[in-house]
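Data block below; observations after.
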Amino acid sequence: MRLLHTMLRVGNLDASLKFYCDILGMKLLRQKDYPGGEFTLAFVGYGDETDNTVLELTYNWGKTSYDLGDAYGHIAIGVDDIYTTCEAIKAQGGNVTREPGPMKHGSTVIAFVTDPDGYKVELIQLSSHSSSQASAQSAAATV
Numbered sequence: 362m363r364l365l366h367t368m369l370r371v372g373n374l375d376a377s378l379k380f381y382c383d384i385l386g387m388k389l390l391r392q393k394d395y396p397g398g399e400f401t402l403a404f405v406g407y408g409d410e411t412d413n414t415v416l417e418l419t420y421n422w423g424k425t426s427y428d429l430g431d432a433y434g435h436i437a438i439g440v441d442d443i444y445t446t447c448e449a450i451k452a453q454g455g456n457v458t459r460e461p462g463p464m465k466h467g468s469t470v471i472a473f474v475t476d477p478d479g480y481k482v483e484l485i486q487l488s489s490h491s492s493s494q495a496s497a498q499s500a501a502a503t504v
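Last residue of the sequence shown: number 504 in the numbering used here, and the count goes up by one each step with no gaps.
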């Protein structure tokens, strides 16, 4: 068994595709309209669906917003340089809602961005660059 995809309902498919593809760097893998059901499915990700878990963006025609509820948490994406990634996201109009830094009660460097529908995406620093960058920024903040 393996995890195939996570589905998110979106109110504006074009805005969501711009966010996930243009800002977060995913690729549109496939998209199909279902006129009988009045919805469109778009699958995006960082690699082919045969080997990678992807996101299914579901646009129900005529529906522009959803109540996200309080049970949903976030999607997590590993990045090599969280500071540069967040700056690039902001430069492209993305919404960084938590700047990069160590997680509360831990040392993993994380940040959060929000997609056009309000879904949270956690960015997690993958490389050793995170600890030296975080230490430098912490030291600079205390000076």
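Just so you know, even glycine gets a beta-carbon here, dropped at the ideal spot from N, CA and C.
In DSSP terms, what residue i is bridged to
| i | result |
| --- | --- |
| residue 367 | 416 |
| residue 485 | 439 and 471 |
| residue 394 | 401 |
| residue 462 | 471 |
| residue 388 | 406 |
| residue 456 | 475 |
Residue i versus residue j - alpha carbon distance
| i | j | result |
| --- | --- | --- |
| residue 380 | residue 461 | 19 Å |
| residue 426 | residue 445 | 31 Å |
| residue 374 | residue 464 | 31 Å |
| residue 413 | residue 404 | 12 Å |
| residue 488 | residue 389 | 26 Å |
| residue 364 | residue 448 | 30 Å |
| residue 466 | residue 459 | 16 Å |
| residue 409 | residue 453 | 25 Å |
| residue 422 | residue 366 | 21 Å |
| residue 483 | residue 451 | 15 Å |
| residue 400 | residue 478 | 17 Å |
| residue 392 | residue 457 | 27 Å |
| residue 424 | residue 362 | 33 Å |
Where residue i falls, given that 16 or more other Cβ within 10 Å makes a residue buried
| i | result |
| --- | --- |
| residue 385 | buried |
| residue 420 | buried |
| residue 416 | buried |
| residue 428 | exposed |
| residue 387 | buried |
| residue 455 | buried |
| residue 472 | buried |
| residue 395 | exposed |
| residue 468 | exposed |
| residue 476 | buried |
Whole-number beta carbon distance between residue j and residue i, since they are thought to touch under 8 Å
| i | j | result |
| --- | --- | --- |
| residue 434 | residue 485 | That pair is no contact at about 13 Å. |
| residue 418 | residue 369 | 6 Å |
| residue 436 | residue 480 | 7 Å |
Cutoff 8 Å: residue i Cβ touching any chain C Cβ
| i | result |
| --- | --- |
| residue 412 | The question asks about chain C, but that chain is absent: this structure has only one protein chain. |
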